[in-house]
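Worksheet: one structure, shown below.
Residue numbers (this note's numbering), protein chains in the order written: chain S, 821 to 1132; chain X, 3 to 410.
See below:
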């Protein structure tokens, strides 16, 4: 059964197309990753799923209801964790959760029980009476997630929930989401951190410039990239663009990406061409600080599909 | 509907924990009321200042006794004249030169006899050169007294001579009759007085500066409080909590109405606190009509909440609401009579002020406070405020909706 199904979902801001006729579905019980760089259209997509903004064209069916005609029914069935920490800093965590719970329609004992449950899930029950402004960034993020869980949603949408979070809190958040998913919750997770998506998601859609450019599980996507290796050279001095021509003359080289003091080469035979590329760099007077050969990953896939990195 | 009230209550709770908001919307008006009330009291009352007056009475006979006991110590004058009695002219001069007293009065020996017998005599007034206004006030009082004594003396002399000549009274009865006439005059005087009344003939309080500024500042700061409330709309949008509310199962209209209810609650709470604090700590009278006061408070709070919604609909950020809103609040406060008494306004400014909600709110409260008005008397004021409320809300909400449509 599909929890989400989009039909040519499109959003224009003026003449600028933010989301361009996207079509995909999310099965019940899976963690679906929407991966893409900043400005790819991820937040616009989840904003349409959350009924915060209306699509210019197309529709999406969430938990059996159209976001166009049955937005209130959709809102009752989803939990949304926005990119910003959308909490009231001068209220305590408990006061925040009580207020947001009331907005979901919980009152009295039901509300109290639900607040206690979500505080347990995010492991912040002992800090429930502290003001949010006294929380660390990671703790705020966890309460932000707790609000999304208040309504016991069928679908939990998280829009880059780990931005600005320390590594320990990030692991805590990802583990919490894994646990929630193992109890049957469907999750839509957007991020530009490919490691998070690789760790968490069963199905992944890669977005760029408002379009879904790749879709499938991790293995399917790896096949898409063609098992290419990525050689990363870190250099002491700056690399000039004209070196691209010389390196591209090597037959096995697929794609070259030049940064100020690093060079990425995409190839099917990383170890074979490594000495040749190193020699060219040496001849050009570029001193290499370190070399790394990376096996195919989503980052590599994104690079091969778009010619740019996820963090650009 | 329940969610609407919960949003409003949440906003009130957040503002109650905001120290800056507390200073801006509660502490500031209370300080201003206190300071302006004290400083400008002389402008409003018949008690401009206290005049410390030293008297050397060398006469100690009946006319000087009347001057001191019946005039200078009278109920009215004793409110602003503090009398001190000295025995020696030199001591008086020395005290005046040291600034101990503002005015000195010297009544010469045989002053009464000289006046009665028509001889020349003068009461001397010594003035502290730095307090000439005060000596001027005392001189006017003494001039009036002396003139009155002379008029009565002349009238008595003519009347008694005529009556004796016409054999209507006897010379030996004259002293008894003068005593009777004096008593008759005192009886009539006790029935004649000065009373400040309203147009219905009811006694009123007169204008007291503390009361004036409690109303003036209270009304002006309603808009500051309402602006603090509308700032929270922008603040919530900036921090993403408004968007989070929008993805909850609540109608968009309920969210906005909840925010407006929050503004109303904040403004109402602020005004009630100002009324209570000024009443119990500053001794401000808020009139005798509790029902009238409730009507004025609610209609004023509604009107200023509506005005702040109108402002907010025209602004783009909370900082704009803060800065431009404060400026407009000050201008409306000035034009509407919150800062300066309306009765000092030139005609053109008086006309302009009638287009501000401040003016109608202030006039309504003054009706209750200074003219002992009741709920019926403030119907025109509250009606105009409600009419303005409807206009402000209608325009503000329309602009907000248009903006929302454009952004979605």
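The C-beta atom is built at its ideal place from N, Cα and C for all residues, glycine as well.
Tell me the rounded alpha-carbon separation between residue 383 of chain X and residue 15 of chain X.
On the second chain, residue 383 of chain X is found 381 positions in, with the first residue counted as 1. On the second chain, residue 15 of chain X is found 13 positions in, with the first residue counted as 1. Each residue's alpha carbon lies about 32 Å from the other.
I'd like to know if residue 890 of chain S contacts chain X, where contact means its C-beta is closer than 7 Å to some C-beta of that chain.
Counting from 1 along the first chain, the entry for residue 890 of chain S is found at position 70. Not an interface residue.
In or out: residue 17 of chain X buried (at least 16 other Cβ within 10 Å) or exposed?
Counting from 1 along the second chain, the entry for residue 17 of chain X is found at position 15. Buried, since its Cβ has 16 or more Cβ neighbours within 10 Å.
Going residue by residue through the region 36–92 of chain X, where are the continuous beta strand (DSSP E) segments of at least 3 residues, counting only ones entirely within it?
53–59, 83–88, all fully within the region 36–92 of chain X.
At least one CB of chain S closer than 7 Å to the CB of residue 196 of chain X: is that the case?
Within the second chain, numbered from 1, the residue matching residue 196 of chain X stands at position 194. Low confidence applies to residue 196 of chain X: its pLDDT is 42, below 50, so where it sits in the model is not reliable, and the reading given next is rough at best. Not one chain S Cβ lies under 7 Å of residue 196 of chain X.
Runs of 4 residues minimum, wholly inside the region 1012–1057 of chain S: which ones carry the alpha helix (DSSP H) assignment?
Inside the region 1012–1057 of chain S, DSSP marks whole alpha helix (DSSP H) runs of 4 or more residues at positions 1014–1020, 1038–1045, from first to last along the chain.
Let me see if you follow: with CB-CB separation under 7 Å, is residue 826 of chain S close to chain X or not?
On the first chain, residue 826 of chain S is found 6 positions in, with the first residue counted as 1. By this cut-off, residue 826 of chain S is not an interface position.
Please name the residue, chosen from X:318, X:109, X:369, that lies closest to residue 289 of chain X on a Cα-to-Cα basis.
As a position in the second chain, residue 289 of chain X is number 287, starting the count at 1. Comparing Cα positions, the closest option is X:369.
Cα-Cα separation, residue 401 of chain X to residue 828 of chain S
Here residue 401 of chain X corresponds to residue number 399 of the second chain, with the count starting at 1. Here residue 828 of chain S corresponds to residue number 8 of the first chain, with the count starting at 1. Rounded to the nearest whole angstrom, the C-alpha separation of residue 401 of chain X and residue 828 of chain S is 32 Å.
Pick helix, strand or coil for residue 892 of chain S, following the three-state DSSP scheme.
In the first chain, residue 892 of chain S corresponds to position 72, counting from 1. Residue state, collapsed to three classes: helix.
Within the same chain, show all residues whose beta-carbon is closer than 7 Å to that of residue 303 of chain X, passing over the 5 residues directly before and after it, in chain order.
Taking the second chain and counting its residues from 1, one reaches residue 303 of chain X at position 301. These residues qualify, in order along the chain: 224, 266, 269, 270, 273.
Under 7 Å, Cβ to Cβ, is there at least one residue of chain S near residue 405 of chain X?
Residue mapping note: residue 405 of chain X aligns to position 403 of the second chain, counting from 1. So, not an interface residue.
Considering only their Cβ atoms, is the gap separating residue 1054 of chain S from residue 1099 of chain S smaller than 7 Å?
For this step, residue 1099 of chain S is matched to residue 279 along the first chain. For this step, residue 1054 of chain S is matched to residue 234 along the first chain. Their beta carbons are not under 7 Å apart, which means residue 1099 of chain S does not touch residue 1054 of chain S by this criterion.
Residue 1070 of chain S versus residue 1081 of chain S: straight-line alpha-carbon distance, rounded
Residue 1070 of chain S sits at position 250 when you count from the first residue of the first chain. Residue 1081 of chain S sits at position 261 when you count from the first residue of the first chain. Approximately 21 Å, taken between the alpha carbons.
Within the same chain, show all residues whose beta-carbon is closer than 8 Å to that of residue 66 of chain X, passing over the 5 residues directly before and after it, in chain order.
Along the second chain, read from residue 1 onward, the residue named residue 66 of chain X stands at position 64. 59, 109, 113, 114.
Within 10 angstroms of the Cβ of residue 228 of chain X, are there 16 or more other Cβ atoms? Answer buried if so, exposed if not.
Here residue 228 of chain X refers to the residue found at position 226 of the second chain. With 16 or more Cβ atoms within 10 Å of its Cβ, residue 228 of chain X is classed as buried.
Can you tell me whether DSSP reads residue 878 of chain S as helix, strand or coil?
Position 58 of the first chain, counted from the first residue, corresponds to residue 878 of chain S. Here DSSP, grouped into helix, strand and coil, assigns residue 878 of chain S to strand.
Given that a residue counts as buried once 16 or more other Cβ atoms are within 10 Å of its Cβ, and exposed if not, what is residue 154 of chain X?
The count along the second chain starts at 1 and reaches residue 154 of chain X at position 152. By the neighbour-count definition (other C-beta atoms within 10 Å, threshold 16), residue 154 of chain X is an exposed residue.
Identify the residues that DSSP records as bridge partners of residue 837 of chain S: which are they?
Along the first chain, one-based indexing puts residue 837 of chain S at 17. Answer is S:832, bridged to residue 837 of chain S.
How many angstroms separate the CA atom of residue 976 of chain S from the CA atom of residue 969 of chain S?
Stepping through the first chain from its first residue, residue 976 of chain S is reached at position 156. Stepping through the first chain from its first residue, residue 969 of chain S is reached at position 149. Roughly 7 Å separates the two Cα atoms.
For residue 906 of chain S, go through chain X and note every residue whose CB falls closer than 8 Å to its CB, in chain order.
Translated into the one-based positions of the first chain, residue 906 of chain S becomes position 86. Here the neighbours are 241, 242, 243, 245, 246.
Note down the Cα distance separating residue 957 of chain S from residue 984 of chain S, rounded to an integer number of angstroms.
Sequence index remark: in the first chain, residue 957 of chain S carries index 137 (1-based). Sequence index remark: in the first chain, residue 984 of chain S carries index 164 (1-based). Straight-line Cα distance between these residues: approximately 7 Å.
Tell me the start and end of each unbroken alpha helix (DSSP H) in the region 333–384 of chain X that is at least 4 residues and wholly inside, in chain order.
If we require 4 residues or more, the alpha helix (DSSP H) runs fully inside the region 333–384 of chain X come out as 349–355, 359–371.
Is the Cβ-Cβ distance between residue 79 of chain X and residue 88 of chain X less than 7 Å?
Position 77 of the second chain, counted from the first residue, corresponds to residue 79 of chain X. Position 86 of the second chain, counted from the first residue, corresponds to residue 88 of chain X. For the 7 Å CB-CB criterion, residue 79 of chain X and residue 88 of chain X do not form a contact.
Could you check where the beta strand (DSSP E) with residue 853 of chain S kicks off and where it finishes?
Against the first chain, residue 853 of chain S aligns to sequence position 33. Start and end: 851–855.
Given a cut-off of 7 Å, decide if residue 246 of chain X and residue 906 of chain S are closer than it, judged by their beta-carbon atoms.
To locate residue 906 of chain S, count along the first chain from 1; it is residue 86. To locate residue 246 of chain X, count along the second chain from 1; it is residue 244. Yes, these two residues count as a Cβ contact at 7 Å.
Going along chain S in order, which residues have a C-beta closer than 9 Å to the C-beta of residue 19 of chain X?
Position 17 of the second chain, counting from 1, holds the residue named residue 19 of chain X. In chain order: 910, 911, 951.
Per DSSP, residue 230 of chain X forms a beta bridge with which residues?
Numbered from its first residue, the second chain carries residue 230 of chain X at position 228. In the DSSP assignment, residue 230 of chain X is bridged to no other residue.
Under 7 Å, Cβ to Cβ, is there at least one residue of chain X near residue 1027 of chain S?
One-based indexing of the first chain puts residue 1027 of chain S at position 207. With 7 Å as the cut-off, residue 1027 of chain S does not count as an interface residue toward chain X.
Counting only Cβ pairs nearer than 8 Å, list the residues of chain S close to residue 6 of chain X.
Residue mapping note: residue 6 of chain X aligns to position 4 of the second chain, counting from 1. Those do not exist, as residue 6 of chain X stays about 11 Å from chain S at its closest Cβ, beyond 8 Å.
For residue 923 of chain S and chain X, any beta-carbon pair shorter than 7 Å?
Taking the first residue of the first chain as position 1, residue 923 of chain S is located at position 103. For residue 923 of chain S, the closest Cβ of chain X is nearer than 7 Å.
Determine whether the Cβ of residue 919 of chain S lies closer than 7 Å to any Cβ atom of chain X.
For the purposes of this step, residue 919 of chain S is taken as the residue at position 99 of the first chain. Chain X, which has a Cβ nearer than 7 Å to the Cβ of residue 919 of chain S, makes this yes.
Using DSSP with H/G/I as helix, E/B as strand and the rest coil, what is residue 196 of chain X?
On the second chain, residue 196 of chain X is found 194 positions in, with the first residue counted as 1. Bear in mind that a pLDDT of 42 at residue 196 of chain X, under 50, signals an unreliable position, so the number given afterwards is only what the model happens to contain. In the three-state scheme derived from DSSP, where H, G and I count as helix and E and B as strand, residue 196 of chain X is classed as coil.
Quick one: is the Cβ of residue 398 of chain X within less than 6 Å of any heavy atom of the ligand NAD?
Looking for the ligand NAD in the displayed structure turns up nothing, as the structure carries no ligands at all.
Return no unless some Cβ of chain S is closer than 7 Å to the Cβ of residue 48 of chain X.
For the purposes of this step, residue 48 of chain X is taken as the residue at position 46 of the second chain. Its pLDDT being 49, under 50, residue 48 of chain X is placed unreliably in this model, and the value from its coordinates should be taken loosely. Not closer than 7 Å to any Cβ of chain S, the Cβ of residue 48 of chain X fails to qualify, so no.
What's the call for residue 992 of chain S, buried or exposed, on a 16-neighbour Cβ count within 10 Å?
Taking the first residue of the first chain as 1, we reach residue 992 of chain S at position 172. Under this definition residue 992 of chain S is a buried residue.
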